[in-house]
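Each residue of the sequence shown is one higher than the one before, counting from 49 in this note's numbering.
A short worksheet on the structure shown next.
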Amino acid sequence: MSYQEAKEVYAKIGVDTEQAIEKLKNTAISVHCWQGDDVVGLDGGGAASGGIQTTGNYPGRARNFEELKEDLTEAFSLMPGKKRLNLHASYAILNGEKADRNAYRPEHFAPWVEFAKEIGLDGIDFNPTMFSHPMVKGGLTLSSPDENVRKFWIEHCKACIRISEYFANEMNSHCLMNIWIPDGFKDVPSDRLTPRLRLKESLDEILKEPYDKKKVVVAVESKVFGIGVESYTVGSNEFYQNYAAKNDICCLLDNGHYHPLEYVSDKIPALLAFYDKVALHVTRGVRWDSDHVVLFEDELKEIAKEIVRNDALDKVLIGLDYFDASINRISAWVTGERNMQKALLYALLTPNATLKKLQDNGEFTELMYRQEQLKTYPFGEVWREYLQRQCMKDDWFDEIKDYEKGVLSKR
Ligand code: RNT
Ligand code: ZN
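In structure tokens form, the structure reads like this:
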């Protein structure tokens, strides 16, 4: 079937494929820098800690700024659509300067801005890095009973707000600054409230840093558990949702951070009823928060549907968050980004108004029939047309093999 034919098939159910392609083209996805180097970073912190873990040792990990830029450039060249770069503070370019994380400044990230501009990215997002560092004491940061520990990380987050504003100014686009901490306990705690009160106080301190809310969107990312932190997480979902609501900041939902039968696709509309913006870390948990590469599967499609049919493409800030070291890392990046785009296109090719009406009229038999019919519609033809207009191919694996042979295998 040709694109023209597919276009007609969709037109018959009231779906305009041209409009879908146009909307997809303008939706930005924030691509996480940490897939390229297994969350090691560039500031000497070392392998990921704090309950997260990268497994696998596929050859070719980016070991420095130059290699990471090289790999990102290759990956971005195979990703359709608008892209943003999601950086962690641990990717500071210190050039030998002895600045600790509480003293990071915009200059330490200027080379990233230069890179983002050079390859035409849409914006930069940012994350304080509160793991892989000696000031994480007993697995605790912003909720630590040690005042010096809390102070250090409060200063780090304030520095990150200033750096985020710098990114927003330089890129002429908002910067999402997402706070995630690893704080929690392996075993049954004797006090669940006090650490949360300390976290609340720390966040209040951080938010005293003046910043332009139109430029910097501060978010908090909750979690249910981590490796070695199985029994209690300070920054739980209820804690952060209430904190965000009361303090007019944003919630970030990572779909690996809930009990396996809780769905982020269901949480998005719940939050859209109360918040202007909702941020996402799109990942794929296999049995736990394993951060596998994002695939084109049911929950991803449901997430995309909730964004599209609620007219929230500009309210939901979409970011990717996974790290697989067992396969070619460039391929991991591209597969996940393309799948996010595919899911959005799939949602854009759904006759949402018709389906909503069926629900309101209680016509559930027809609703099921139509939703199932859609599954065999010629989605692939529209996807390939979109890629063609983006000057990209559906078949990109040879490029990965060439890059592996020419670049990665020589590291
Ligand atoms: C950890 C969180 C967090 C990290 C990144 C590296 O469980 O998902 O977002 O994955 O910040
Ligand atoms: Zn995350």
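Even glycine gets a Cβ: it sits at the ideal position worked out from N, Cα and C.
All of these numbers come straight from a predicted model, not from anything done at the bench.
Short note on Asp-302: C-beta closer than 6 Å to some heavy atom of the ligand RNT. In the three-state DSSP reduction, Asp-239 falls in the coil class, being neither helix nor strand.
Put simply, of Ile-375, Val-382, Ile-351, Val-430 the residue whose alpha carbon is nearest the alpha carbon of Pro-107 is Ile-375. Ser-212 places its beta carbon less than 7 Å from that of Cys-223. At a threshold of 6 Å, His-156 does not count as near the ligand ZN, since its beta carbon sits no closer than that to any of the ligand's heavy atoms. Gln-419 is classed as exposed because its beta carbon has fewer than 16 other beta carbons within 10 Å across all chains shown.
In this structure, Met-178 is the residue among Asn-220, Ala-293, Met-178 with its C-alpha nearest to the C-alpha of Gly-98. Contact between Leu-396 and Ala-68 holds: CB atoms are separated by about 4 Å, below the 8 Å threshold.
One alpha carbon belongs to Ser-192, the other to Leu-245, and they sit about 11 Å apart. Distance from the C-beta of His-329 to the nearest heavy atom of the ligand ZN is below 6 Å. For Met-225, the enclosing beta strand (DSSP E) starts and ends at 223 to 227.
Fewer than three beta-carbon pairs drawn from the stretch 230 to 238 and the stretch 248 to 257 are found closer than 8 Å, and the two stretches are therefore not classed as touching.
For Phe-163 and Glu-411, the gap between their C-alpha atoms comes out near 53 Å. In the DSSP assignment, Asn-303 falls outside any alpha helix (DSSP H), carrying neither H nor E. In this structure, the ligand ZN has no non-hydrogen atom nearer than 6 Å to the beta-carbon of Asp-86. Sixteen is the threshold: since fewer than 16 other Cβ atoms of the shown chains lie within 10 Å of the Cβ of Leu-241, the residue is exposed. Distances from the CA of Tyr-394 to each of Val-382, Ile-351, Gly-384, Lys-404 were compared; the closest alpha carbon is that of Ile-351. Leu-422 and Leu-343 have their C-alpha atoms roughly 19 Å apart. In the DSSP secondary-structure assignment, Asp-324 is not bridged to any residue.
If you look at Gly-367, you'll find it isn't in any alpha helix (DSSP H); it sits in the beta strand (DSSP E) that goes 364 to 368. Gly-454 carries a helical assignment under DSSP once its states are collapsed to helix, strand and coil. Shortest gap from the CB of Ile-100 to any heavy atom of the ligand RNT: under 6 Å. In the structure shown, the three-state DSSP call for Phe-174 is strand.
Leu-247 and Val-282 have their alpha carbons spaced roughly 8 Å apart. For a cut-off of 8 Å, the C-beta gap from Ile-167 to His-156 is around 20 Å, too long to register as a contact. When DSSP states are grouped into helix, strand and coil, Tyr-214 belongs to the helix group. For the pair Gly-144 and Met-219, the Cα-to-Cα distance works out to about 26 Å.
Apart from sequence neighbours up to five positions away, the residues of its chain that approach Val-382 with a beta-carbon distance below 8 Å are Ala-123, Leu-126, Met-127, Trp-444, Ile-448, ordered along the chain. Around the beta carbon of Leu-309, fewer than 16 other beta carbons sit within 10 angstroms, so the residue counts as exposed.
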